[in-house]
Amino acid sequence: MAPRQALILALAACLVAAVTAELPTLENPGGPPFLEGAVFNWNASAQTTISLGLVANGSFSVSGVDEGGLFSVFGRYLSWQCGEEAGTYTTVLQFEYMSNVPGKSHGPKQ
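Residue numbers (mature numbering (1 follows the signal peptide of the UniProt record, and there is no 0)): -21 to -1, 1 to 89.
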């Protein structure tokens, strides 16, 4: 039983190190101020909404249907900056993806 506990502690230490790894910081902290409120993803060919979500105070949550299963993505914006072309931007975010499709849940990601 002791080797199993040591392995679990080692894995926990690796996860903590990975999650606390330093990420690049862009020009502005948090998320873009123009990303606030309800969001949706529209499939024009199928004439249907495939995901709905909310962006508020630098955090986001989106849920929908993907490859025959349900999914949810939630996380927060860490930093952002304007892109080189008008209307574009780059963000650094931390998120978690969950799905009812076997093997498709991931998280947390940075």
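Glycine included, C-beta positions come from ideal geometry on N, C-alpha and C.
| Check | Outcome |
| --- | --- |
| Proximity below 7 Å, CB of Gly48 to CB of Val41 | no |
| Contact set for Ile29: own chain, Cβ-Cβ below 8 Å, skip 5 residues either direction | Asn20, Trp21, Asn22, Gly43, Val44, Asp45 |
| From Trp59, Val18, Glu75, Tyr76, residue whose alpha carbon lies closest to that of Thr69 | Trp59 |
| Whole-angstrom distance between Ser38 and Pro11, CA atom to CA atom | 11 Å |
| Reduced DSSP category for Gln26 - H, G, I as helix; E, B as strand; rest coil | coil |
| Leu72 - containing beta strand (DSSP E), residue span | 68 to 78 |
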